[in-house]
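S.K.:
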Amino acid sequence: MTLTRFVTKNAFRNVRRSVLTVLSISFSLLLLTLMMAIWRNIYLTKGSEESALRLVTRHKVSLAFEMPSFYREKIRALPGVVAIVPGNWFGGVYKDDKSGNFFAQFGTDPDEFFTVYKDWQIAPDQVAAWQHDRAGAVVDEDLMKRYGWKVGQRVVITGTIFPVNLELNIRGVFKAPQPTQSLYYNQKYVEEAVPYLKGVEGFYTILADSPQSVTKIPSEIDDMFRNSPQPTKTETEKAFQLGFIAMMGNVKAFILGICGAVVFTILLVSANTMAMSIRERTREIAVLKTLGFARSTILSLFVGEAVMLALAGGLMGSAAAFVLGIGAAKAGGFAGALQVNGWTMLVALVVAAMMGFFSSVVPSYNASRLGIVDGLRHIG
Amino acid sequence: MAIPIRYNIRNLRLRKGLTIMTALGIALTVTTAVFIMALLAGLQRAFVTSGNPLNVMVVRKGSTSELTGPFPSEDFGTLKTLPGIAKDSHGEPMISGETVVVIVLPRADNSGEVNVSVRGMMPDGLELRSGVKLVQGRWFTPGQREVVVSESIHRRFKDANLGDALSFGKGKWSVVGIFDAGGSAYESEVWGDVNQMNSDFDRQGVYSSAYLRATDAMAADALKHRVGDDQRLKLDGMLETEYYARQTSSGNVIRFIGWLVAAIMAIGSSFAAMNTMYAAVAYRGREIATLRVIGFSRPSILTSFVLESLMLSLLGAAIGIILMLPFNGMQTGTSNQVTFSEVVFTLRITWIVAGTAVAFALLMGLVGGLAPAWHAARQNILNALRG
Numbered sequence: 017m018t019l020t021r022f023v024t025k026n027a028f029r030n031v032r033r034s035v036l037t038v039l040s041i042s043f044s045l046l047l048l049t050l051m052m053a054i055w056r057n058i059y060l061t062k063g064s065e066e067s068a069l070r071l072v073t074r075h076k077v078s079l080a081f082e083m084p085s086f087y088r089e090k091i092r093a094l095p096g097v098v099a100i101v102p103g104n105w106f107g108g109v110y111k112d113d114k115s116g117n118f119f120a121q122f123g124t125d126p127d128e129f130f131t132v133y134k135d136w137q138i139a140p141d142q143v144a145a146w147q148h149d150r151a152g153a154v155v156d157e158d159l160m161k162r163y164g165w166k167v168g169q170r171v172v173i174t175g176t177i178f179p180v181n182l183e184l185n186i187r188g189v190f191k192a193p194q195p196t197q198s199l200y201y202n203q204k205y206v207e208e209a210v211p212y213l214k215g216v217e218g219f220y221t222i223l224a225d226s227p228q229s230v231t232k233i234p235s236e237i238d239d240m241f242r243n244s245p246q247p248t249k250t251e252t253e254k255a256f257q258l259g260f261i262a263m264m265g266n267v268k269a270f271i272l273g274i275c276g277a278v279v280f281t282i283l284l285v286s287a288n289t290m291a292m293s294i295r296e297r298t299r300e301i302a303v304l305k306t307l308g309f310a311r312s313t314i315l316s317l318f319v320g321e322a323v324m325l326a327l328a329g330g331l332m333g334s335a336a337a338f339v340l341g342i343g344a345a346k347a348g349g350f351a352g353a354l355q356v357n358g359w360t361m362l363v364a365l366v367v368a369a370m371m372g373f374f375s376s377v378v379p380s381y382n383a384s385r386l387g388i389v390d391g392l393r394h395i396g
Numbered sequence: 004m005a006i007p008i009r010y011n012i013r014n015l016r017l018r019k020g021l022t023i024m025t026a027l028g029i030a031l032t033v034t035t036a037v038f039i040m041a042l043l044a045g046l047q048r049a050f051v052t053s054g055n056p057l058n059v060m061v062v063r064k065g066s067t068s069e070l071t072g073p074f075p076s077e078d079f080g081t082l083k084t085l086p087g088i089a090k091d092s093h094g095e096p097m098i099s100g101e102t103v104v105v106i107v108l109p110r111a112d113n114s115g116e117v118n119v120s121v122r123g124m125m126p127d128g129l130e131l132r133s134g135v136k137l138v139q140g141r142w143f144t145p146g147q148r149e150v151v152v153s154e155s156i157h158r159r160f161k162d163a164n165l166g167d168a169l170s171f172g173k174g175k176w177s178v179v180g181i182f183d184a185g186g187s188a189y190e191s192e193v194w195g196d197v198n199q200m201n202s203d204f205d206r207q208g209v210y211s212s213a214y215l216r217a218t219d220a221m222a223a224d225a226l227k228h229r230v231g232d233d234q235r236l237k238l239d240g241m242l243e244t245e246y247y248a249r250q251t252s253s254g255n256v257i258r259f260i261g262w263l264v265a266a267i268m269a270i271g272s273s274f275a276a277m278n279t280m281y282a283a284v285a286y287r288g289r290e291i292a293t294l295r296v297i298g299f300s301r302p303s304i305l306t307s308f309v310l311e312s313l314m315l316s317l318l319g320a321a322i323g324i325i326l327m328l329p330f331n332g333m334q335t336g337t338s339n340q341v342t343f344s345e346v347v348f349t350l351r352i353t354w355i356v357a358g359t360a361v362a363f364a365l366l367m368g369l370v371g372g373l374a375p376a377w378h379a380a381r382q383n384i385l386n387a388l389r390g
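Here the protein sequences line up with chains A and B, keeping their order. So the first sequence is residues 17 to 396, counted in our numbering. So the second sequence is residues 4 to 390, counted in our numbering.
1. For a contact defined as C-beta to C-beta under 7 Å, what are the partners of valine 77/A on chain B?
2. Kindly indicate if chain A contains any beta-carbon less than 8 Å away from that of tyrosine 210/B.
3. Is it buried or exposed, glycine 80/B, if we count other Cβ atoms within 10 angstroms and call 16 or more buried?
4. State the beta-bridge partners of glutamine 334/B as determined by DSSP.
5. Threonine 73/A bridges to which residues according to DSSP?
6. Report the residues of the stretch 46-58 of chain A with a CB closer than 7 Å to any CB of chain B, ordered along the chain.
7. Beta-carbon of alanine 277/A versus every beta-carbon of chain B: anything under 8 Å?
8. Please report the distance separating the alpha-carbon of methionine 324/A from that of threonine 306/B.
9. According to the neighbour-count rule (16 or more other Cβ atoms, all chains shown, within 10 Å of its Cβ), is leucine 60/A buried or exposed?
10. Please work out which residues of its chain come closer than 7 Å, Cβ to Cβ, to proline 145/B, disregarding the five sequence neighbours upstream and downstream, and give them in chain order.
11. Can you find a C-beta in chain B that's less than 8 Å from the C-beta of valine 323/A?
12. Does chain B have any CB closer than 8 Å to the CB of alanine 337/A?
13. Any idea if asparagine 383/B is buried or exposed, counting beta-carbon neighbours within 10 angstroms, 16 or more meaning buried?
14. From the beta carbon of isoleucine 270/B, is the nearest beta carbon of chain A less than 8 Å away?
15. Closer than 7 Å by C-beta to leucine 388/B: which residues in its own chain qualify, once you throw out the five before and the five after it? Chain order, please.
16. Quick check: the Cα distance between leucine 242/B and isoleucine 222/A, rounded to an integer number of angstroms?
17. What are the complete beta strand (DSSP E) segments, minimum 3 residues, inside the stretch 56-106 of chain B?
18. Expressed to the nearest angstrom, what Euclidean distance is found between the alpha-carbon atoms of proline 302/B and threonine 35/B?
19. At a CB distance below 8 Å, what residues from the stretch 11-38 of chain B approach chain A? Give them in sequence order.
20. Among residues of its own chain, excluding the 5 on either side of asparagine 57/A, which ones have a beta-carbon nearer than 7 Å to its beta-carbon?
21. Should proline 156/A go down as buried or exposed, given a rule of 16 or more other Cβ atoms within 10 Å for buried?
22. Isoleucine 267/B CB to nearest chain A CB: under 8 Å?
23. In chain order, what residues of the same chain have a beta carbon less than 6 Å from the beta carbon of valine 132/A, not counting five sequence neighbours either side?
24. Please check if any C-beta of chain A sits within less than 8 Å of the C-beta of aspartate 127/B.
25. On the DSSP bridge list, what partners appear for valine 396/B?
26. Any Cβ of chain B within less than 8 Å of the Cβ of methionine 83/A?
27. DSSP state of glycine 152/A, grouped into three classes?
28. Between Pro56/B, Ser120/B and Ser212/B, which has its C-alpha nearest serine 76/B's C-alpha?
29. Compute the beta-carbon to beta-carbon distance between leucine 369/B and leucine 313/B, rounded to the nearest angstrom, for a pair I have assumed lies under 8 Å.
30. Only counting the same chain, and skipping five residues up and downstream in sequence, which positions put a Cβ closer than 8 Å to that of leucine 328/B?
31. Using beta carbons (cut-off 8 Å, strictly below), is threonine 176/A in contact with chain B?
32. Whole alpha helix (DSSP H) runs in the stretch 250-301 of chain B with 4 or more residues, listed along the chain?
33. CA-CA distance, valine 319/A and arginine 311/A?
34. Report the three-state DSSP secondary structure of methionine 125/B (helix, strand or coil).
35. Is the stretch 211-229 of chain B close to the stretch 43-61 of chain B, with three or more CB pairs under 8 Å?
36. Going by Cα to Cα distance, which pick from Ala376/B, Thr22/B and Leu294/B is closest to isoleucine 6/B?
In structure tokens:
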């Protein structure tokens with residue numbers, strides 16, 4: 017019998033306890049993996065190369081304020097700016113006011129939109145169709161699926177902020193690197209109905225020609241409008257998106273807090289199990305020592321057992337998180353942040369193994385130091 | 004006959020290490036649940052306690068918040084003539100046309116900039132909100148570039164002390180007073196004179212909203228409908244309390260994620276509790292058999308072990324709540340999904356929160372203890388005595 021086999025046999029000799037321990041650890045690791053996935057998807061993902069070249073300019077005070085339309089040409093004239101499109105939040109509702117029916121609608125300029133978002137895929141004839149229909153719209157692939165829409169279909173979006181309802185014809189479907197759950201229409205359509213929206217825009221998305229320009233352009237734009245009635249704030253697309261998450265509250269501390277609680281729970285559960293199983297086997301340890309097994313071997317036997325149980329839990333937990341993540345990505349929207357990748361799973365497994373190790377090292381050390389005579393005398 | 008509870012307490016004490024570790028596991032889960040419930044309770048309070056049920060808020064028709072629906076100030080004159088409005092201290096109708104804008108202020112701890120609501124109001128605005136008390140300085144003077152800030156803004160943001168000047172709009176505004184809004188949504192606002200604000204934000208001739216004080220609850224309801232039905236006005240009226248109650252939806256994301264996390268942790272902790280209880284049963288096989296021989300029935304053994312598990316989880320709940328107590332009253336903020344600005348609220352560990360946490364822990368104890376207790380009660384006496 018090899019030592020590995022001995023450890024395996026021991027780990028599962030009290031099947032019920034092992035199963036319960038593994039299950040308990042796996043639920044904790046499911047949570048840990050999901051939290052790490054959210055962290056990674058929100059803070060560590062860089063996005064596509066084009067996304068890194070995009071900047072967003074908005075009114076310095078808040079996205080709820082508008083900027084004049086002439087800013088567009090002034091910004092375009094700056095060196096390093098390849099293209100620029102306006103964006104306007106419509107905030108309308110489709111069908112009814114239920115939160116499940118919410119998606120973003122933006123008014124923009126169809127002529128230049130896909131020049132700025134050149135990494136978004138769409139058939140060229142659909143872009144042309146959109147440009148020719150003032151009441152046309154292009155829709156995210158996932159959103160199309162969610163409502164079962166078809167190209168050519170007419171959808172009505174009721175205005176809540178602006179006194180107009182959009183009656184739009186779907187002219188095209190686009191696929192973005194990350195799900196956007198949004199619809200884009202021609203802002204001219206809204207301007208015709210709402211006169212006070214003429215001549216103003218909500219935000220601008222800018223495509224820069226190089227990473228050097230990306231670092232340089234924001235201050236140039238903001239300096240240009242600093243002393244005007246509508247000062248601006250320009251940041252990278254990524255920073256702009258992070259701003260929304262930061263508004264939800266201290267998300268980082270929230271995630272870290274949960275991760276801390278989870279890791280500590282795993283430590284407790286695993287330590288508990290090892291304490292129970294070592295106590296049960298006090299006499300066996302003495303027998304092993306009598307047979308001539310070294311102290312270090314006994315130590316590694318128990319540590320190995322704990323690490324194995326923790327790893328089994330880790331594997332189950334992270335695999336469950338992986339499956340959940342795929343399901344969440346299908347649901348789209350914010351749930352997409354739950355997507356788990358291989359690296360995240362690997363980190364989860366390493367954490368599990370480490371927790372197994374740390375939880376067993378003290379009880380195992382004590383067990384390996386046990387005197388033979390005491391051990392044999394022990395009544396379990 | 005029931006087995007005395009002292010038996011279980013002694014048993015838990017006997018195996019101290021195991022008990023404490025299991026209880027700690029439950030405690031951590033309880034901590035998470037308490038944290039989330041305290042957040043939601045604080046948020047709830049910020050909105051539910053806001054507003055006076057006699058105040059009617061008026062915005063442009065179809066608009067869902069004060070931010071999105073400016074209406075022409077001519078309408079304000081019409082509003083003033085509506086019947087059912089209470090009189091202010093000067094014998095005039097108590098009504099205030101207001102401007103609400105969102106500005107960006109730097110946090111005091113240099114951790115970035117946050118959106119804050121600024122409200123410009125008429126002198127009656129203060130009378131309409133009699134629940135808000137001044138704690139330092141004085142109220143702003145109409146016609147001056149002066150603002151009063153809430154206590155939490157004073158604490159959390161730069162340049163928000165008495166005598167400081169906040170810069171927004173077209174220049175500086177001196178802070179002349181600090182008010183206490185008692186944890187309501189006003190706790191996240193800066194107040195000043197409406198005309199000054201309108202000229203700073205280029206909003207002449209429009210108001211974001213108007214507030215009217217009705218003479219009584221019946222009049223408030225009538226006034227609300229009268230505003231909506233008046234053909235001359237393209238306006239909607241709602242009770243101030245209704246407006247704020249709707250904004251509690253800002254906590255939906257926190258609620259969803261929070262309960263998901265708590266549920267997953269609870270399942271994990273239940274398994275751990277089950278493990279401990281199975282071990283407790285296994286160690287005491289002979290003891291249980293002896294109890295049976297003495298004459299204790301199966302149901303009383305079942306009850307005894309379930310009780311032991313419940314006590315374990317109760318201990319966990321107690322530790323969990325105690326661990327969270329230092330966080331009671333801690334202030335935090337989240338963005339209001341209706342006004343796009345930060346709403347400040349405090350973590351509140353209320354009796355309801357603590358009670359729910361205890362119930363939550365007991366549920367874990369019950370789930371974890373039932374199967375092992377069943378196992379204990381069903382043991383064969385002879386085999387157990389021999390073991």
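Quick reminder that beta carbons are idealized off the backbone N, C-alpha and C, glycines included.
M.R.: The relevant details are as follows:
1. Near valine 77/A (Cβ distances below 7 Å), the residues of chain B are Val105, Ile106 and Val107.
2. No, tyrosine 210/B lies away from the interface with chain A (no Cβ there is under 8 Å from its Cβ).
3. Classification for glycine 80/B: exposed.
4. Within the DSSP bridge table, the entry for glutamine 334/B names Thr349/B as partners.
5. Partner(s): Tyr220/A and Thr250/A.
6. Residues passing the 7 Å Cβ filter: Leu46 and Leu47.
7. So yes, alanine 277/A belongs to the interface.
8. Cα to Cα, methionine 324/A sits roughly 36 Å from threonine 306/B.
9. The Cβ neighbour count for leucine 60/A, taken over all protein chains shown within 10 Å, is under 16; the residue is labelled exposed.
10. Setting aside the 5 residues that flank it on each side, proline 145/B is surrounded in the same chain by Pro126 and Asp196, each with a C-beta closer than 7 Å to its C-beta; the list follows chain order.
11. No, valine 323/A lies away from the interface with chain B (no Cβ there is under 8 Å from its Cβ).
12. Chain B, which has no Cβ nearer than 8 Å to the Cβ of alanine 337/A, makes this no.
13. Exposed: under 16 other Cβ atoms inside 10 Å.
14. Residue contact with chain A for isoleucine 270/B: present (Cβ-Cβ distance below 8 Å to some residue of chain A).
15. These residues qualify, in order along the chain: Arg289 and Ala292.
16. So the two alpha carbons sit approximately 43 Å from each other.
17. Whole beta strand (DSSP E) segments, 3+ residues: 58-63.
18. When rounded, the separation of the alpha-carbon atoms in proline 302/B and threonine 35/B is 34 Å.
19. For the stretch 11-38 of chain B, the set of positions with a beta-carbon nearer than 8 Å to some beta-carbon of chain A reads Gly20, Leu21, Met24, Thr25, Leu27, Gly28, Leu31, Thr32, Thr34, Thr35 and Phe38 in chain order.
20. Hits under 7 Å: Ala353 and Gln355.
21. Checking the sequence, you will find aspartate at residue 156/A rather than proline. Buried is the call here.
22. Cβ-Cβ to chain A under 8 Å: yes for isoleucine 267/B.
23. Scanning its chain for C-beta atoms nearer than 6 Å, with the 5 sequence neighbours on each side dropped, one finds around valine 132/A the residues Ala99, Val101, Thr221 and Leu223, in chain order.
24. So, not an interface residue.
25. Chain B is shown only over 4 to 390; residue 396/B falls outside these bounds and no answer can be derived.
26. Not closer than 8 Å to any Cβ of chain B, the Cβ of methionine 83/A fails to qualify, so no.
27. In the structure shown, glycine 152/A adopts extended strand secondary structure according to DSSP, grouped into three states.
28. Among Pro56/B, Ser120/B and Ser212/B, the Cα nearest to that of serine 76/B belongs to Ser212/B.
29. About 7 Å separates the beta carbon of leucine 369/B from that of leucine 313/B, a gap short enough to meet the 8 Å contact definition.
30. When the five nearest sequence neighbours on each side are left out, the beta carbons in the same chain lying within less than 8 Å of the beta carbon of leucine 328/B are those of Ile352, in order along the chain.
31. Proximity of threonine 176/A to chain B, defined by a Cβ-Cβ separation below 8 Å, is satisfied.
32. Counting only runs of 4 or more, we get 255-286 and 288-297.
33. The straight-line gap from Cα to Cα measures roughly 12 Å.
34. Three-state result, methionine 125/B: coil.
35. Pairwise C-beta distances place the stretch 211-229 of chain B in contact with the stretch 43-61 of chain B, as three or more of them are shorter than 8 Å.
36. Comparing Cα-Cα distances from isoleucine 6/B to each of Ala376/B, Thr22/B and Leu294/B, the minimum goes to Leu294/B.
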